[in-house]
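What follows is a short report on a single structure.
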Amino acid sequence: MKKIQKGSIKKIEKIALDTFVLEISSNIQEAHSGQFISILCPPKTLRRPFSIKGFKDGVIEVFFKLKGEGTNYIKSLKVGDSVDFMGPLGQGFKIENKKSLLVGAGIGIAPMLFLKDELNAANINNFLITGFKAQSEVIYGSDKTVIGGSVIDFLPEIIEKFKPEVIYSCGPEIVLKLVGKTAQEYNLDAQIAMEKVFACQVGVCRGCVIKILKDGKVQNATICHDGPVFDAKAVVWE
Ligand SMILES: Cc1cc2nc3c(=O)[nH]c(=O)nc-3n(C[C@H](O)[C@H](O)[C@H](O)COP(=O)(O)OP(=O)(O)OC[C@H]3O[C@@H](n4cnc5c(N)ncnc54)[C@H](O)[C@@H]3O)c2cc1C
Ligand code: FES
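Structure follows, in structure tokens:
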């Protein structure tokens, strides 16, 4: 079982419509893109999961978008306040030394920006495209930002020009499904970061099970513990 951590808020700032950046100072030694932390939001007992957007010298950065009680609790916190969290949790992206196309949608940009930093540090050529529903929701840092349309429509042109060898993606299920389909059409591998409502967050309650193909057989996998990152080809969409 992962240890519960205590951290303190270093920064909390609005960055777009209903969207905030949160930095937590902690004793964490290591974190990778695709992993997440799970924040306790009292009086709620179920922790809320957030992808790690950046990590340096123990400081974990996440982006959070207001949704319900949990995210509104986090928004009410101030610099210096203590945060109870678990993490880093889950299996992150497996970085390959290959020309990489990164596809984010909405708040799914968070792990993509972390991955981009990791690829840049490893001198791996990359291109990040992200889509947002409206200008007010845009978070900057991508090589191409699509506003109001679908990132999927731009993939064929980018693939033909940039010629990636692998695709990574995070966003709503429909985007991940279509990224997987596009990757297959171009005979490319794709790693996708999945999302589902989490309860325990550590592979115990089985509430986040999906079907994946492994060793030629359909098997169960938990998004929180076996994922959130999966090989797009292995995911059996329901
Ligand atoms: C692996 C993972 C990474 C995520 N990364 C981010 C991120 O970087 N930034 C961000 O803003 N959001 C992220 N989310 C979604 C975020 O966890 C939910 O928006 C948040 O839990 C909502 O909590 P709430 O109490 O404000 O909303 P409520 O709607 O009141 O939440 C009720 C319950 O549903 C769960 N829930 C609601 N929506 C989601 C959702 N979309 N995904 C998972 N659980 C949900 C909550 O955890 C809670 O148990 C991520 C979710 C997962 C699974
Ligand atoms: S949330 Fe409990 S197994 Fe994933």
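If you want the working numbering, it's the position in the sequence shown, counting the first as 1, plus 398. Built from N, CA and C at the ideal position, the CB exists for glycine as well.
Cβ-based neighbour list, residue i, same chain, cut-off 7 Å, excluding 5 preceding and 5 following
i      : result
LEU576 : ILE550
ASP416 : LYS463, LEU464
GLY625 : GLY488, GLN489, MET592, ALA619
CYS622 : LEU487, GLY488, PHE596, GLN599, VAL600, GLY601, CYS606
Host alpha helix (DSSP H) of residue i (start-end)
i      : result
LYS514 : 507–519
PHE560 : 553–560
GLU459 : GLU459 -> not in any alpha helix (DSSP H); beta strand (DSSP E) instead, spanning 457–463.
ALA581 : 571–583
GLY468 : 467–473
Where the beta strand (DSSP E) containing residue i begins and where it ends
i      : result
PRO486 : 480–487
LEU420 : 417–423
LEU500 : 498–503
ASN618 : 615–620
LYS411 : In the sequence on display, residue 411 carries Glu and not Lys. Where GLU411 is concerned, the enclosing beta strand (DSSP E) stretches over 402–414.
VAL607 : 607–612
ILE550 : Looking at the DSSP string, ILE550 is not in any beta strand (DSSP E), and its letter there is neither H nor E.
TYR566 : 564–568
Supposed close pair residue i, residue j - CB separation, criterion 8 Å
i      : j      : result
SER480 : LYS404 : 6 Å
ALA508 : PHE461 : 4 Å
SER436 : MET484 : 5 Å
PHE552 : LYS542 : 7 Å
GLY502 : SER540 : 7 Å
LYS631 : GLN582 : 7 Å
GLU555 : GLY504 : Not confirmed; about 21 Å, so no contact.
ILE493 : GLU516 : 6 Å
Cβ neighbours of residue i in the same chain (closer than 6 Å, five flanking residues each side left out)
i      : result
PHE453 : ALA429
ASP587 : VAL564
ILE545 : PHE530, GLN533
TYR584 : ILE557
THR580 : LEU553
Own chain partners of residue i with C-beta closer than 8 Å, once the 5 adjacent residues on each side are dropped
i      : result
GLN617 : LYS609, ILE610, LEU611
LYS408 : GLU421, ILE422, SER423, VAL457, VAL477
TYR471 : CYS439, PRO440, LYS442
ARG445 : SER436, ILE437, LEU438, CYS439, PHE483, MET484, PHE596, GLN599
ASP455 : none
THR469 : CYS439, ARG446, PHE462, LYS463
Open item on the list: If contact is defined by three or more beta carbon pairs under 8 Å, each pair taking one atom from either stretch, is the stretch 564–583 in contact with the stretch 598–606?
Closed with: no
Open item on the list: Counting beta carbon pairs with one atom in the stretch 449–462 and one in the stretch 431–441, are three or more of them shorter than 8 Å?
Closed with: yes
Open item on the list: Would the stretch 491–500 count as touching the stretch 519–535 if we require 3 or more Cβ pairs under 8 Å?
Closed with: yes
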